[in-house]
Amino acid sequence: MILHLRALSAGPGLFVGLLAALLLSAAADAASPENLAPSQAFHSIDPSDLVARSDRAVGELFGAFNRRDREAFMQGFAQDPLILADGVPLISGATSLQAFIFDAPASLSYEPTTGDGGRSFATIGKWVVETSLLSFNFKMSPEGEVISDPRQCLTIWEQVPDGSLKVKLLAWNKLGAPEILHQCARPTAFEASNATQPLTQDGPFGDVVAAEKAFHAAFAAQEVEKAAEYYADGATLILPEILPLHGREAIAAHLKLPAEELKLVDVECRPVHLEGNGSHVLVVNLFHWKFAVAGTEIPLTILGKGVHLWERGEDGQWRILFDLPNVSSAG
Numbered sequence: 012m013i014l015h016l017r018a019l020s021a022g023p024g025l026f027v028g029l030l031a032a033l034l035l036s037a038a039a040d041a042a043s044p045e046n047l048a049p050s051q052a053f054h055s056i057d058p059s060d061l062v063a064r065s066d067r068a069v070g071e072l073f074g075a076f077n078r079r080d081r082e083a084f085m086q087g088f089a090q091d092p093l094i095l096a097d098g099v100p101l102i103s104g105a106t107s108l109q110a111f112i113f114d115a116p117a118s119l120s121y122e123p124t125t126g127d128g129g130r131s132f133a134t135i136g137k138w139v140v141e142t143s144l145l146s147f148n149f150k151m152s153p154e155g156e157v158i159s160d161p162r163q164c165l166t167i168w169e170q171v172p173d174g175s176l177k178v179k180l181l182a183w184n185k186l187g188a189p190e191i192l193h194q195c196a197r198p199t200a201f202e203a204s205n206a207t208q209p210l211t212q213d214g215p216f217g218d219v220v221a222a223e224k225a226f227h228a229a230f231a232a233q234e235v236e237k238a239a240e241y242y243a244d245g246a247t248l249i250l251p252e253i254l255p256l257h258g259r260e261a262i263a264a265h266l267k268l269p270a271e272e273l274k275l276v277d278v279e280c281r282p283v284h285l286e287g288n289g290s291h292v293l294v295v296n297l298f299h300w301k302f303a304v305a306g307t308e309i310p311l312t313i314l315g316k317g318v319h320l321w322e323r324g325e326d327g328q329w330r331i332l333f334d335l336p337n338v339s340s341a342g
């Protein structure tokens, strides 16, 4: 699902395209198999309750926005929410979120989403991680036409005692051809059997930060096979324009595809948010990606951000379950 309208400027579409060219290796038609369990620590559950709770939360948020009820809208978010919107810098905290959301024309309204498919849920303690594909719809005026924006989304919900869901983190990338929204599997859901400890701000963050550094260093060194080893067997990678990639094998095959116009030469990664428990850690990173561009000696720098959800396996190694990077702006 998605809860936020992208900024109404032209946006850095060029840079989104360049990021896609690098991270996607110029493959716009990658296949996406049915969602896999994120790891062996997860078992399958009935998705119907999670689908209903998510839909209810989205409906309440849309209604509050259309009424311009700021208090009711913000009640749909957990404390200190994080928004990784495609094409704009990281939005962190309730004050920044409220300013971003309500800096929109008074006549703008959210419409029900369409083409919702490919939904998958993974519950980890009080977190519910949802990935989905949809067309986010809105009108610029009551009499205006419905404008559609196909997106692929990652939402981390926080479950509260009354059973409702609040948005903890929301991230999305633009999706390519809208018709692929109708080619997706039925909803699936998984539950982590080892997430028994309460989620806290404490954790083995030093090990995770070291894994982040090694993961990104492998990309800069063009060692994509080494980078792919950091993904869990059933990991999900959400990149611009194409369907999400599920599974380490699919991700590794995709990363090996040649990039024709851009070559990554350096990555600066700075974690700005770490949170989790003994087995799962949420990381939000800020990036400087530096590329060599074919036909010119002038390097290109793109500012970006991304979310990783890591899991420590039975072998003690940290692996990525969910990964979504996107562009903030040109450097």
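So the sequence shown is numbered by the numbering used here: it starts at 12 and just counts up by one. Even for Gly, the Cβ is constructed at its ideal location relative to N, Cα and C.
Counted within 10 angstroms of its Cβ, other Cβ atoms place residue i as buried (16 or more) or exposed
i           : result
residue 309 : exposed
residue 340 : exposed
residue 185 : buried
residue 113 : exposed
residue 287 : buried
residue 204 : exposed
residue 337 : buried
residue 304 : exposed
residue 130 : buried
residue 221 : exposed
residue 80  : exposed
residue 236 : exposed
residue 106 : exposed
residue 172 : exposed
residue 55  : exposed
residue 234 : exposed
residue 141 : buried
residue 43  : Note that residue 43 has pLDDT 47, beneath the 50 cutoff, so the model's placement of it is unreliable and the number below is only indicative. With 16 or more other Cβ atoms within 10 Å, it is buried.
residue 52  : buried
residue 344 : A query on residue 344 cannot be resolved here, the shown segment of the chain reaching from 12 to 342 and no further.
Neighbourhood of residue i by C-beta, 6 Å cutoff - its chain only, sequence neighbours within 5 removed
i           : result
residue 182 : 95, 165, 318 and 335
residue 156 : none
residue 180 : 93 and 167
residue 320 : 293, 332 and 333
Residues near residue i by beta carbon distance below 7 Å, same chain, minus five either side
i           : result
residue 41  : Annotation note: pLDDT 44 at residue 41 (below 50); position unreliable, coordinate value reported separately. Only 253, 254, 256 and 265 meet the Cβ criterion.
residue 327 : none
residue 243 : 49, 50, 259, 322, 330, 331 and 332
residue 139 : 61, 132, 168, 170 and 176
residue 218 : 329
residue 32  : Because residue 32 sits at a pLDDT of 43, beneath the cut-off of 50, its placement in the model cannot be relied upon, and the following sentence gives the value as read from the coordinates. Contacts found: 270, 272 and 273.
residue 58  : 132, 198, 199 and 200
Residue i vs residue j beta-carbon contact at 9 Å
i           : j           : result
residue 291 : residue 323 : yes
residue 85  : residue 119 : no
residue 122 : residue 148 : yes
residue 354 : residue 273 : Residue 354 lies beyond the range of the chain shown here (12 to 342); nothing can be said about it.
residue 124 : residue 69  : yes
residue 136 : residue 64  : no
residue 198 : residue 97  : no
residue 99  : residue 88  : no
Sequence-distant residues of the same chain with beta carbon closer than 8 Å to residue i, five excluded per side
i           : result
residue 284 : 93, 103, 293, 294 and 295
residue 101 : 93, 94, 95, 283, 295, 297, 316 and 339
residue 224 : 280
residue 153 : 118 and 120
residue 91  : 103, 104 and 105
Whole-angstrom C-beta distance between residue j and residue i, which should lie under 8 Å
i           : j           : result
residue 201 : residue 133 : 5 Å
residue 239 : residue 263 : 4 Å
residue 268 : residue 230 : That pair is no contact at about 14 Å.
residue 146 : residue 160 : 7 Å
Interface flag, residue i vs chain D, CB-CB below 9 Å
i          : result
residue 53 : In the displayed structure, chain D is absent; only one protein chain is listed.
Three or more C-beta pairs below 8 Å linking the stretch 73–85 and the stretch 157–167 = no
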